[in-house]
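Okay, so here's the structure we're looking at.
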Amino acid sequence: CPDARWFADGTLNLCDNCVDRHVDEGHGDDTAIIWEGEPVGADGPEILRLSYHDLQRETAKFGNALKALGVGKGDIVTIYMGMVPEVAIAMLACARIGAIHSIVFAGFSPDALAARVKGCQAKAVITADGAPRGGRVTNLKENVDQALATVDHETHCLLVQRTGQDIGWR
Numbered sequence: 006c007p008d009a010r011w012f013a014d015g016t017l018n019l020c021d022n023c024v025d026r027h028v029d030e031g032h033g034d035d036t037a038i039i040w041e042g043e044p045v046g047a048d049g050p051e052i053l054r055l056s057y058h059d060l061q062r063e064t065a066k067f068g069n070a071l072k073a074l075g076v077g078k079g080d081i082v083t084i085y086m087g088m089v090p091e092v093a094i095a096m097l098a099c100a101r102i103g104a105i106h107s108i109v110f111a112g113f114s115p116d117a118l119a120a121r122v123k124g125c126q127a128k129a130v131i132t133a134d135g136a137p138r139g140g141r142v143t144n145l146k147e148n149v150d151q152a153l154a155t156v157d158h159e160t161h162c163l164l165v166q167r168t169g170q171d172i173g174w175r
């Protein structure tokens, strides 16, 4: 039916449903995320556990950081990162403030990333210095720098340090 309207006056915040309600129901100390990262260097896999309290705190902090950069309801944020817990934090932080996130696969080239940032007029790109995979590291920040050099609107870049490589801050 082309005229169907479902829950037209309803509201839903994914961050509230995925994080806050668990804290409100007394499950804040329960584990929300268990992450096992690919080894960086000679160390074994990195393992991280985040509770619902941790996730609530981190999504609120990151949401506030995005708002301080002028990102708000309806704005688009591009996420270009490997598989790290900060991806979930970034997605939920966007939901918390009403922004829209657009995931771009970390294997995409700078040109492909630029096309997506331009196409959606992203206000920010969230990335990492690098993404380890299969014993190699993709230099994500370098790709973002190349992509943003071709973008004709202001786009903030937020960075997660994952590999500790020298990325030439700018």
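What the sequence shown shows, in my numbering, is residues 6 to 175, in sequence order.
Backbone N, C-alpha and C fix where the C-beta goes; we use that ideal spot for every residue, glycine too.
Annotation for L19: A100 place their beta carbon closer than 6 Å to its own, counting only its chain and skipping 5 residues before and after.
The stretch 101 to 120 and the stretch 145 to 154 touch, with no fewer than 3 CB-CB distances between them shorter than 8 Å. Secondary structure at H58: helix, using DSSP grouped into helix, strand and coil. The C-alpha of D80 is placed about 7 Å away from the C-alpha of K128. The shortest CA-to-CA distance from P137 to any of V89, E159, T160, I172 is the one to V89.
Judged by DSSP in its simplified three-state form, G124 adopts helix. L118 sits in a helix when the DSSP states are folded into three classes. DSSP places C162 in the uninterrupted beta strand (DSSP E) bounded by 161 to 165. According to DSSP, residue pairing for L53 in a beta bridge involves W40.
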